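Colleague: Structure incoming, see below.
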Amino acid sequence: MNLIFDKCTIEDFDDFYMLRCDEENIYWTGHREKPDRDKLYKWYLEQLKRTDRIMFLVKADSLDEPAGYLYLDIVKNNGEIVAETGHGVNSKYKGRGIGTQIIKFAVDYTTNELKHINKIDGWILEDNVGSIKNVLKNGYIETGEKKRVFIDEKNGFKNMKRYIYEINRR
Numbered sequence: 047m048n049l050i051f052d053k054c055t056i057e058d059f060d061d062f063y064m065l066r067c068d069e070e071n072i073y074w075t076g077h078r079e080k081p082d083r084d085k086l087y088k089w090y091l092e093q094l095k096r097t098d099r100i101m102f103l104v105k106a107d108s109l110d111e112p113a114g115y116l117y118l119d120i121v122k123n124n125g126e127i128v129a130e131t132g133h134g135v136n137s138k139y140k141g142r143g144i145g146t147q148i149i150k151f152a153v154d155y156t157t158n159e160l161k162h163i164n165k166i167d168g169w170i171l172e173d174n175v176g177s178i179k180n181v182l183k184n185g186y187i188e189t190g191e192k193k194r195v196f197i198d199e200k201n202g203f204k205n206m207k208r209y210i211y212e213i214n215r216r
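Every letter in the sequence shown is one number past the one before it in the working numbering, and letter 76, counting from 1, is 122.
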């Protein structure tokens, strides 16, 4: 499956909204229900204006719907500028390697386009086995760092683990 990564535009909102309404995406992003369309639209417009976040919509030439999305956030972590990733995959196409390809794209894009960044961070819920496999397949390492985050009233607190990818710029 050939994936196409395009920076998000205002015209992509309907596809982005569809992905964010996906049941698995709702769960893994720490929500309990589908987002309010108007609130998400306002949030989406704000994200497009940010200079510290790059958003991509992932499409596949063989699919009628979007395959996923990717965020690259440029943040300062312990005095170092790093890229943090966030991504989602359309659950209809789970198990086809799309998540792995999204993370590979994040590594390649950061390496080739964000030359001032030498590290990519990913904080992943420790029970999100699919995302953990994706980052490990792409050369990330587990740091041993953990943090507890509140998911919702039903699920309470959960642990997130930090994974990093070190870019070799030699």
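Even glycine gets a Cβ: it sits at the ideal position worked out from N, Cα and C.
None of these values were measured; they are calculated from a predicted model.
1. In angstroms, rounded to a whole number, what distance separates the CA positions of Arg-66 and Pro-81?
2. Could you give the uninterrupted runs of the beta strand (DSSP E) lying entirely in the segment 134-197, keeping only those of 3 residues or more?
3. When you compare each of Tyr-63, Thr-189, Tyr-211, Trp-169 to Lys-204 by their alpha carbons, which one comes out closest?
4. Since Arg-99 sits in a beta bridge, which residues does DSSP pair it with?
5. For Ala-152, which residues of its own chain have a beta-carbon under 7 Å away from its beta-carbon, when the five flanking residues on both sides are left out?
6. Can you give the Cα-Cα distance for Glu-79 and Arg-216, rounded to whole angstroms?
7. Pop quiz: Ile-213 and Thr-157 are said to be a contact at Cβ under 8 Å. What is the actual Cβ separation, rounded to whole angstroms?
8. Pull up the CB-CB distance for Ile-149 and Val-181, whole angstroms please, since I reckon it's below 8 Å.
9. Under the three-state reduction of DSSP, which class applies to Leu-109: helix, strand or coil?
10. Could you give the residue range of the beta strand (DSSP E) that holds Ile-213?
11. Please list, in chain order, all residues of the same chain as Arg-99 whose beta carbon is under 8 Å from its beta carbon, the five residues on each side excluded.
12. With DSSP as the reference, identify every bridge partner of Glu-130, one or two as the case may be.
Modeller: Straight from the coordinates:
1. Counted from its first residue, the sequence shown places residue 66 at position 20. Counted from its first residue, the sequence shown places residue 81 at position 35. Answer to the nearest angstrom: the Cα atoms are 7 Å apart.
2. At a cut-off of 3 residues, the continuous stretches assigned as beta strand (DSSP E) that sit fully inside the segment 134-197 are 165-171.
3. Sequence index remark: in the sequence shown, residue 204 carries index 158 (1-based). The shortest C-alpha separation from Lys-204 is found at Trp-169.
4. Position 53 of the sequence shown, counted from the first residue, corresponds to residue 99. For Arg-99, which the question treats as bridged, DSSP gives the partners Asp-119.
5. Numbered from 1 along the sequence shown, position 106 holds the residue referred to as residue 152. Leu-116, Leu-118, Thr-131, Ile-166.
6. In the sequence shown, counting from the first residue as 1, residue 79 sits at position 33. In the sequence shown, counting from the first residue as 1, residue 216 sits at position 170. So the alpha carbons of these two residues sit roughly 46 Å apart.
7. Along the sequence shown, read from residue 1 onward, the residue named residue 213 stands at position 167. Along the sequence shown, read from residue 1 onward, the residue named residue 157 stands at position 111. Yes, Ile-213 and Thr-157 are in contact; Cβ-Cβ is about 5 Å, under 8 Å.
8. Counting from 1 along the sequence shown, the entry for residue 149 is found at position 103. Counting from 1 along the sequence shown, the entry for residue 181 is found at position 135. Correct: roughly 6 Å between the Cβ atoms.
9. Counted from its first residue, the sequence shown places residue 109 at position 63. If DSSP states are grouped into helix, strand and coil, Leu-109 belongs with coil.
10. Position 167 of the sequence shown, counting from 1, holds the residue named residue 213. Looking at the DSSP string, Ile-213 is not in any beta strand (DSSP E), and its letter there is neither H nor E.
11. By 1-based counting over the sequence shown, the position of residue 99 is 53. In chain order, Gln-93, Tyr-117, Leu-118, Asp-119, Ile-120 place their CB closer than 8 Å to the CB of Arg-99, counting only its own chain and leaving out the 5 sequence neighbours on each side.
12. On the sequence shown, position 84 is the one that residue 130 refers to. Its beta-bridge partners are Asp-119, Asp-167.
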